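**Q**
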Amino acid sequence: MEFLKTDDGSLTLRHEVLGELYHSDRGAVGEAEHVYIRAGFDAIPKKEETAVFEVGFGTGLNCYLTYWRAVREHRRVDYAAIDLYPLAPETVAQLNYTADPVFMRLHAVPWDGIVHEIDRDQVFTLAKYKADLSAFDFSPLVGRFDVVYFDAFAPDAQPELWSETIMRQMFAILRPGGIWVTYSAKGIVKQALRAVGFEVFRLPGALGKRHMVRAVKPMK
Ligand SMILES: C[S@@+](CC[C@H](N)C(=O)[O-])C[C@H]1O[C@@H](n2cnc3c(N)ncnc32)[C@H](O)[C@@H]1O
Numbered sequence: 098m099e100f101l102k103t104d105d106g107s108l109t110l111r112h113e114v115l116g117e118l119y120h121s122d123r124g125a126v127g128e129a130e131h132v133y134i135r136a137g138f139d140a141i142p143k144k145e146e147t148a149v150f151e152v153g154f155g156t157g158l159n160c161y162l163t164y165w166r167a168v169r170e171h172r173r174v175d176y177a178a179i180d181l182y183p184l185a186p187e188t189v190a191q192l193n194y195t196a197d198p199v200f201m202r203l204h205a206v207p208w209d210g211i212v213h214e215i216d217r218d219q220v221f222t223l224a225k226y227k228a229d230l231s232a233f234d235f236s237p238l239v240g241r242f243d244v245v246y247f248d249a250f251a252p253d254a255q256p257e258l259w260s261e262t263i264m265r266q267m268f269a270i271l272r273p274g275g276i277w278v279t280y281s282a283k284g285i286v287k288q289a290l291r292a293v294g295f296e297v298f299r300l301p302g303a304l305g306k307r308h309m310v311r312a313v314k315p316m317k
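In terms of our numbering, the sequence shown is numbered consecutively and its last residue is 317.
1) In three-state terms, what does DSSP make of residue 273?
2) Among the residues of its own chain, which have a CB less than 8 Å from the CB of residue 239, if the five just before and after it don't count?
3) Does at least one heavy atom of ligand 1 sit under 7 Å from the Cβ of residue 158?
4) Should residue 304 and residue 123 be called a contact, given that it needs their Cβ atoms to be closer than 8 Å?
5) When you measure from the CB of residue 258 to every non-hydrogen atom of ligand 1, does any distance come out below 7 Å?
6) Taking Cβ to Cβ, would you say residue 274 is nearer than 8 Å to residue 314?
7) Our contact map puts residue 125 next to residue 109 with C-beta atoms below 8 Å; I'd like the distance itself, whole angstroms only.
8) How should residue 169 be labelled, buried or exposed, when 16 other C-beta atoms within 10 angstroms of its C-beta is the threshold for buried?
9) With DSSP run on the structure shown, which of helix, strand or coil describes residue 309?
10) Consider the C-beta atom of residue 104 and the heavy atoms of ligand 1; say whether any pair is separated by less than 7 Å.
11) Three-state secondary structure (DSSP) at residue 163?
12) Counting pairs of Cβ atoms below 8 Å between the segment 179-197 and the segment 138-149, do you hit three or more?
13) Should the segment 211-221 be called in touch with the segment 160-180, which here means at least 3 C-beta pairs below 8 Å?
14) Report the residue ranges of all alpha helix (DSSP H) runs contained in full by the segment 124-202; include only those spanning at least 4 residues, in chain order.
15) Using C-beta distances below 7 Å, list every residue in its chain close to residue 241, excluding the 5 sequence neighbours before and after it, in chain order.
16) If you run the structure through DSSP and keep just helix, strand and coil, what is residue 213?
17) Taking Cβ to Cβ, would you say residue 151 is nearer than 8 Å to residue 175?
18) When you measure from the CB of residue 182 to every non-hydrogen atom of ligand 1, does any distance come out below 7 Å?
19) Alpha carbon to alpha carbon, how far is residue 255 from residue 311? Give it in angstroms, no decimals.
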């Protein structure tokens, strides 16, 4: 696995087979905070428990940032994530985001699709699914989530993961009023989202990038 330093000093990785970066080269942490935490998690009305689904757990950075946001705001979070290529522990150990043991605890959760408690106070639970997004059976998860962090590799690299078929599944797992966020604002992504019933909004992108997308599942 190749490591690269992004402009804010945080490391990212290049996928060995697909050749794609795991984050923006303008800043891994900056992008994660902008797209997934501020435009995603923070946009959900505060309530006792928030359910998050992440496509592409990768380095666990989005999950880690969500953990601390949740603890700081006294919000319980039920977090689930899918990844077909979980990172090797030796790779995770070389990332420079934090020395916080919580980060390693998130990575230590097995890829068994079972809900695991991350802390004794049950503030944060995590379920990790090692599976192919395009073949995953989402039926047990229908209507469960408040927010989807859609952090797949770029639509040019993996168009099959940005299809209408996948977006229909994302729509189905969200509650009415739930939101879906991603870093890409490509036309085909917005088209697929609209075609399955989302309301689509373009927001300013992370770290000088022009746009990102937030899609909302209508209440009715
Ligand atoms: C942009 S990276 C995710 C970055 C991650 N959210 C982070 O904070 O490090 C895309 C992720 O999608 C995963 N992936 C690629 N193809 C997949 C597939 N068919 N199904 C599920 N996950 C896939 C990769 O292993 C990678 O971890």
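Here a beta-carbon is modelled for each residue, glycine too, at the ideal position from N, C-alpha and C.
The model shown is predicted, which means the values in this text are computed figures rather than measured ones.
**A** On the basis of the coordinates in this document:
1) Residue mapping note: residue 273 aligns to position 176 of the sequence shown, counting from 1. Three-state DSSP puts residue 273 in a strand.
2) One-based indexing of the sequence shown puts residue 239 at position 142. Cβ within range, chain order: 269, 270.
3) Counting from one through the sequence shown, the residue named residue 158 turns up at place 61. Yes.
4) Counting from 1 along the sequence shown, the entry for residue 304 is found at position 207. Counting from 1 along the sequence shown, the entry for residue 123 is found at position 26. Going by C-beta atoms, residue 304 is nearer than 8 Å to residue 123.
5) Numbered from 1 along the sequence shown, position 161 holds the residue referred to as residue 258. Yes - ligand 1 has a heavy atom lying nearer than 7 Å to the Cβ of residue 258.
6) Numbered from 1 along the sequence shown, position 177 holds the residue referred to as residue 274. Numbered from 1 along the sequence shown, position 217 holds the residue referred to as residue 314. The answer is yes: Cβ separation under 8 Å.
7) The count along the sequence shown starts at 1 and reaches residue 125 at position 28. The count along the sequence shown starts at 1 and reaches residue 109 at position 12. Going by Cβ atoms, the distance from residue 125 to residue 109 rounds to 5 Å, so yes, they are a contact pair.
8) In the sequence shown, counting from the first residue as 1, residue 169 sits at position 72. Exposed.
9) By 1-based counting over the sequence shown, the position of residue 309 is 212. Strand, per DSSP.
10) As a first step, residue 104 must be located in the sequence shown, where it is residue number 7. Flag unset: Cβ of residue 104 not near ligand 1.
11) Residue mapping note: residue 163 aligns to position 66 of the sequence shown, counting from 1. Note: residue 163 maps to helix in three-state DSSP.
12) no
13) The segment 211-221 is in contact with the segment 160-180.
14) 125-129, 158-169, 186-190
15) Taking the sequence shown and counting its residues from 1, one reaches residue 241 at position 144. The residues are 148, 270.
16) One-based indexing of the sequence shown puts residue 213 at position 116. Correct three-state label for residue 213: strand.
17) For this step, residue 151 is matched to residue 54 along the sequence shown. For this step, residue 175 is matched to residue 78 along the sequence shown. Result no, Cβ atoms of residue 151 and residue 175 do not sit closer than 8 Å.
18) Position 85 of the sequence shown holds residue 182. Yes, ligand 1 has a heavy atom inside 7 Å of this Cβ.
19) In the sequence shown, counting from the first residue as 1, residue 311 sits at position 214. In the sequence shown, counting from the first residue as 1, residue 255 sits at position 158. Answer to the nearest angstrom: the Cα atoms are 20 Å apart.
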